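A.B. asks: Going by the working numbering, the sequence shown opens with residue 149, and the numbers climb by one from there.
We treat Cβ as the ideally placed atom computed from N, Cα and C, and that holds for glycine.
Since this is a predicted model, take the numbers as computed values, not measurements.
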Amino acid sequence: MLVLNKALEWLSDNYLGGLPIDRIATVVSVLLSYVLAHLFRRIPSTNPTARHFFSIVSTVLLFGLVQEQYLGLMHLTVGSLVIYALMRLLKGSLMPKVVFLVAMLHMSYSQLRRQWVEQASEDKQVSFDYTGAQMIFVIKVTSLAFCIFDGQKAKEDAASLSAYQRKNAIAADNTPSLLEYLGYVFFFPGFAVGPSFEMSTYRRMISFDSSAHRRQLNTNAYTTLLVGLFWMVVYIVYNPTFSFLHLATTEFQHKGAIAKAVYLCTTGIVARAAYYTAWKMSEGACVLAGLGFDGFDESDGSARWMDISNVHIGSVELGTSIRELIDGWNIGTNTWLRHHVYLRIMPSTQSAKHVSQSSSTAATAMTFMVSAWWHGFYPGYYLTFVIAAFVSSAARTLRRNLNPLVAQTKSDNVKLVYNFAGWVLSKYTLDFTVSPFMVLTLPLSVTAWRNNYFSVPIAVVVIHLAFNVLGAGHYLRRHLVGKQASTKI
Numbered sequence: 149m150l151v152l153n154k155a156l157e158w159l160s161d162n163y164l165g166g167l168p169i170d171r172i173a174t175v176v177s178v179l180l181s182y183v184l185a186h187l188f189r190r191i192p193s194t195n196p197t198a199r200h201f202f203s204i205v206s207t208v209l210l211f212g213l214v215q216e217q218y219l220g221l222m223h224l225t226v227g228s229l230v231i232y233a234l235m236r237l238l239k240g241s242l243m244p245k246v247v248f249l250v251a252m253l254h255m256s257y258s259q260l261r262r263q264w265v266e267q268a269s270e271d272k273q274v275s276f277d278y279t280g281a282q283m284i285f286v287i288k289v290t291s292l293a294f295c296i297f298d299g300q301k302a303k304e305d306a307a308s309l310s311a312y313q314r315k316n317a318i319a320a321d322n323t324p325s326l327l328e329y330l331g332y333v334f335f336f337p338g339f340a341v342g343p344s345f346e347m348s349t350y351r352r353m354i355s356f357d358s359s360a361h362r363r364q365l366n367t368n369a370y371t372t373l374l375v376g377l378f379w380m381v382v383y384i385v386y387n388p389t390f391s392f393l394h395l396a397t398t399e400f401q402h403k404g405a406i407a408k409a410v411y412l413c414t415t416g417i418v419a420r421a422a423y424y425t426a427w428k429m430s431e432g433a434c435v436l437a438g439l440g441f442d443g444f445d446e447s448d449g450s451a452r453w454m455d456i457s458n459v460h461i462g463s464v465e466l467g468t469s470i471r472e473l474i475d476g477w478n479i480g481t482n483t484w485l486r487h488h489v490y491l492r493i494m495p496s497t498q499s500a501k502h503v504s505q506s507s508s509t510a511a512t513a514m515t516f517m518v519s520a521w522w523h524g525f526y527p528g529y530y531l532t533f534v535i536a537a538f539v540s541s542a543a544r545t546l547r548r549n550l551n552p553l554v555a556q557t558k559s560d561n562v563k564l565v566y567n568f569a570g571w572v573l574s575k576y577t578l579d580f581t582v583s584p585f586m587v588l589t590l591p592l593s594v595t596a597w598r599n600n601y602f603s604v605p606i607a608v609v610v611i612h613l614a615f616n617v618l619g620a621g622h623y624l625r626r627h628l629v630g631k632q633a634s635t636k637i
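In structure tokens:
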């Protein structure tokens, strides 16, 4: 749409500091989805066919005409039809495995094509990239395939399924029609940036009459939108000043250690602001449409609601441990990796105590490989995931050995200092770890790490040597036992 493109270019040049046109188009399409969500709710819940059709048409308009993602729309349409045919034709455990492989390979082609185009362009930028939407697509279709398989498995061995799998399993006689499937895959508010969700969640929304809950939905949706708009302002204002690419410059190299740390952590907040903007704005539109409805409470008949958020900003920005930061980030992807990758690889046992450490380690390694594959093929992605695995292990070691010491102290000041130190170190470690993810290339990643003294890898090695080789953990436990004994006396 030439007129829209001209308008977005004018907006970018005059008010948005040269923000890429495709990003502005994405924001515009998400804002338009709020209008469409109001119209969607007016379609009677007794007419699911109309709701599915409305969702599909809305995505074609938003993703095609507004964002001009014609190639992406073609790829995802053809991919959807191929995946649906596989779900119908294949049976047993082979079906979800083939669906998983086909969907991932198709996305890999798109991601590699993006890199080729990017390398060939003069400014090393790709406009109107559709791989983000395809990543959400992959989560949805692979999750659906496993849920259909779980429905088949429930007839034979329901006890082997987890509570999550039983809740979302789809019986053989309840497999979605092509229209319902496309309505789910092309659900308009979350098509481009998420959140991802299960077919059972979509079905509850489709059958939900929201007329008695309009005020609650409106309040929650537009409050979430305001959060997204706030972070959009943060990103627009501070992104020109704070960039991960600056970490690899000579100017940054000559800064002092404290100035480098402050710049790194501030840059991390600004970079995450872009994700907060997209995820929160999209989440609000999904809430407005009624997504997240989880049935009615049996005791009083009140509506239950799921948390469909893809990020808990408070946990990410204020968390005092690496685990808390990770759990609050990209929740939809973490849920998919846990329930449809990690737990599928683990041996099928009813009790966690029967699972060997080697099985758990192998499943964790495989899940890491799938996560890296899902994100793409930039070298920076793999540097981030590799160091993140070691960072998580080191963080667990520290917490396991230090938490008991802090817990037994009666000093509130000690606990306050411990939590503050945990927050500062976790934030610095997170931003150091993700810097290759943001700069993408291997040379820039190594330079950025070198300019920050390779501090996190060195700290990981020191922690490993101290606790796993020199026995610092044994010394701390002995000290703790001694303190407890003296307290009892």
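(1) For the alpha helix (DSSP H) that Gly-376 lies in, which residues bound it at each end?
(2) Is it buried or exposed for Ala-421, if we count other Cβ within 10 angstroms and need 16 for buried?
(3) Please report the straight-line C-alpha distance between Leu-578 and Ile-354, rounded to a whole angstrom.
(4) What does the alpha-carbon distance come out to for the pair Glu-304 and Met-454?
(5) Rounded to a whole number of angstroms, what is the C-alpha to C-alpha distance between Gly-467 and Leu-473?
(6) Leaving out five residues before and five after Arg-314 in sequence, what residues of the same chain have Cβ atoms less than 8 Å from its Cβ?
(7) Given a cut-off of 8 Å, decide if Glu-431 and Thr-481 are closer than it, judged by their beta-carbon atoms.
(8) Near Phe-580, which residues of its chain fall below 8 Å by C-beta distance, leaving aside the five closest residues on each side in sequence?
(9) Buried or exposed for Ala-409, please, with buried defined as at least 16 other CB atoms from any protein chain shown within 10 angstroms of its CB.
(10) Taking Val-518 and Val-608 to be in contact with their CB atoms under 8 Å, please state how far apart those CB atoms are, rounded to whole angstroms.
(11) With DSSP as the reference, label Leu-442 as helix, strand or coil.
(12) According to DSSP, which residues form a beta bridge with Trp-453?
(13) Compute the distance between the beta-carbons of Phe-525 and Gln-267, then report whether it is under 8 Å.
(14) Would you kindly check if the distance between the Cβ of Phe-188 and the Cβ of Arg-199 is under 8 Å?
(15) Ser-593 by DSSP, collapsed to three states: which one?
(16) What is the residue span of the alpha helix (DSSP H) that Thr-545 lies within?
(17) Taking DSSP as the reference, what is the three-state secondary structure of Lys-154?
(18) Which of the three DSSP states, helix, strand or coil, is assigned to His-622?
(19) In the structure shown, what three-state DSSP assignment does Gln-498 receive?
(20) Under a three-way DSSP split, which group does Lys-636 fall into?
(21) Can you tell me whether DSSP reads Ser-391 as helix, strand or coil?
(22) If we define contact as Cβ-Cβ less than 8 Å, is Gly-621 a contact residue for chain D?
(23) Using three-state DSSP, classify Gln-215 as helix, strand or coil.
(24) Taking Cβ positions, are Asn-551 and Phe-615 nearer each other than 8 Å?
(25) Whole angstroms are fine: how far does the CA of Phe-441 sit from the CA of Leu-242?
(26) Quick one: using the 10 Å Cβ neighbour count with 16 as the cut-off for buried, is Thr-279 buried or exposed?
(27) Who are the near neighbours of His-402 in its chain, counting only those whose CB is closer than 8 Å to its CB and skipping five residues on each side?
(28) Going by C-alpha distance, which of Pro-337, Pro-388 and Ala-407 is nearest Ala-369?
(29) Kindly list the residues whose CB is nearer than 7 Å to the CB of Thr-532, restricted to its own chain and excluding five residues on each side of it in sequence; keep chain order.
(30) What's the gap between the Cα of Lys-428 and the Cα of Pro-527?
(31) Straight-line CA distance for Gln-217 to Gly-619?
(32) My output table needs one value for Val-286: the three-state DSSP class, helix, strand or coil.
(33) Check Ser-447 in the structure and name its three-state DSSP category.
(34) Could you tell me the distance, in whole angstroms, from the CA atom of Ser-310 to the CA atom of Met-235?
(35) Assuming Leu-180 and Val-214 form a contact by the criterion Cβ under 8 Å, report the distance between their Cβ atoms to the nearest whole angstrom.
(36) My output table needs one value for Leu-326: the three-state DSSP class, helix, strand or coil.
C.D. replies: From the atom records:
(1) Residue range 362-386 is occupied by the alpha helix (DSSP H) that includes Gly-376.
(2) buried
(3) 39 Å
(4) Cα to Cα, the separation comes out at about 29 Å.
(5) Their Cα atoms are separated by approximately 6 Å.
(6) Asp-298, Ala-302 and Ala-306
(7) no
(8) Leu-412, Trp-597, Asn-600, Ser-603 and Val-604
(9) Burial call: buried.
(10) 23 Å between Cβ atoms; not a contact.
(11) Residue identity differs from the one stated: residue 442 is Asp in this sequence, not Leu. Three-state DSSP puts Asp-442 in a strand.
(12) Trp-453 pairs with Phe-441.
(13) no
(14) yes
(15) The three-state secondary structure of Ser-593, taken from DSSP, is helix.
(16) 527-555
(17) helix
(18) It is helical.
(19) Residue confidence is low: Gln-498 scores 39 on pLDDT, short of 50, so the model does not pin down where it sits. Its coordinate-derived value is still stated next. Residue state for Gln-498 is assigned as coil, using DSSP reduced to three classes.
(20) Note that Lys-636 scores a pLDDT of 49, beneath 50, so its modelled location is shaky; the value from the coordinates is reported in the next line. If DSSP states are grouped into helix, strand and coil, Lys-636 belongs with the helices.
(21) Assignment of Ser-391 by DSSP, reduced to helix, strand and coil, places it in the coil class.
(22) No chain D appears in the structure shown, which is made up of a single protein chain.
(23) coil
(24) No, Cβ-Cβ distance for Asn-551 and Phe-615 is not below 8 Å.
(25) Roughly 32 Å between the two C-alpha positions.
(26) buried
(27) Here the set comprises nothing.
(28) Pro-337
(29) In the same chain as Thr-532, and ignoring 5 residues on each side of it, the C-beta atoms closer than 7 Å to its own belong to Thr-581, Val-582, Pro-584 and Phe-585, in chain order.
(30) 29 Å
(31) 57 Å
(32) helix
(33) coil
(34) Cα to Cα, the separation comes out at about 22 Å.
(35) 7 Å
(36) helix
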